[in-house]
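Reading through the structure tokens given below for one structure.
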């Protein structure tokens, strides 16, 4: 062994500094792969969260009812009837978590009794609520209302005009894509178009 080789060996230096020992290469390669995977996972999670935030912002705004279907029990009838209609109803979902369904000066819903008699429900005024958007759903909590309704069976008023009752908090499936919004709980299905 030459004197310089012995000095390099004794001092811990490599005799050929251009070649890294194998024991150092494996951990570096493994760490590089792990770093690549971690950065990739962070990017995927951030993109997923950004998509979720965008989906949660989609319903915020003003919406017109374009379709409405609800099974409603009516005291004078033996089974629930299916109401449709609701044109003119405006849904407002504000960014601060407040909202309202506004029937304005009057919106009409219609149905048929089991015996074929026509049923009409005229609604007017606003129903206010607080809401929380979750992925794929909305939770609505009543916050008071000034809405009233009048029921007609076969063209004759059934009872007098009554104030809406505040229902307990409810959760609905919610689908929003661009200018279309759908609210669905299996009994009530409403389609909206962005104003």
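Residue numbers (my numbering): 4 to 198.
No residue lacks a Cβ here, since even glycine has one placed at the ideal position from N, Cα and C.
Model, not experiment: these values are computed from the prediction.
Output the distance between the C-alpha atoms of residue i and residue j, rounded to the nearest integer angstrom.
| i | j | result |
| --- | --- | --- |
| residue 144 | residue 119 | 35 Å |
| residue 122 | residue 102 | 29 Å |
| residue 48 | residue 167 | Only weak support exists for where residue 48 lies, its pLDDT of 46 falling under 50; the value from the coordinates is given anyway. In a straight line, the C-alpha of residue 48 is about 44 Å away from that of residue 167. |
| residue 81 | residue 111 | 22 Å |
| residue 84 | residue 60 | 34 Å |
| residue 70 | residue 87 | 7 Å |
| residue 178 | residue 67 | 15 Å |
| residue 74 | residue 115 | 11 Å |
| residue 200 | residue 154 | Only positions 4 to 198 of the chain appear in this structure, which leaves residue 200 out of reach. |
| residue 199 | residue 159 | Limits of the chain in this structure are 4 at one end and 198 at the other, which puts residue 199 out of reach. |
| residue 135 | residue 31 | 47 Å |
Between the Cα of residue i and the Cα atoms of the options, which residue gives the shortest distance?
| i | options | result |
| --- | --- | --- |
| residue 162 | 151, 172 and 171 | 151 |
| residue 117 | 79, 136 and 129 | 79 |
| residue 127 | 194, 142 and 149 | 149 |
| residue 139 | 159, 77 and 175 | 175 |
| residue 181 | 189, 195 and 169 | 195 |
| residue 184 | 76, 93 and 31 | 93 |
| residue 105 | 89, 157 and 113 | 89 |
| residue 113 | 72, 190 and 169 | 72 |
With DSSP as the reference, label residue i as helix, strand or coil.
| i | result |
| --- | --- |
| residue 12 | Confidence in residue 12 is poor, its pLDDT being 45 and thus under 50, which makes the residue's placement too unreliable to answer from. |
| residue 191 | strand |
| residue 52 | Annotation note: pLDDT 48 at residue 52 (below 50); position unreliable, no value reported. |
| residue 96 | strand |
| residue 136 | strand |
| residue 186 | strand |
| residue 196 | strand |
| residue 177 | strand |
| residue 7 | Note on residue 7: pLDDT 48, under 50, position unreliable in the model; the coordinate value appears next. Residue 7 falls in the helix class under three-state DSSP. |
| residue 120 | coil |
| residue 228 | Examination of residue 228 is not possible in this model, given that the chain is present from 4 through 198 alone. |
| residue 47 | Because residue 47 carries a pLDDT of 49, less than 50, the predicted location of this residue cannot be relied on, and the following value inherits that uncertainty. Residue state, collapsed to three classes: helix. |
Please check the pair residue i and residue j, which I expect to be a contact at CB under 8 Å, by giving their CB distance rounded to whole angstroms.
| i | j | result |
| --- | --- | --- |
| residue 125 | residue 100 | The Cβ separation is near 30 Å, so there is no contact. |
| residue 129 | residue 96 | At roughly 13 Å, the Cβ-Cβ gap does not stay under 8 Å, so residue 129 and residue 96 are not in contact. |
| residue 64 | residue 197 | 6 Å |
| residue 131 | residue 147 | 5 Å |
| residue 172 | residue 142 | 6 Å |
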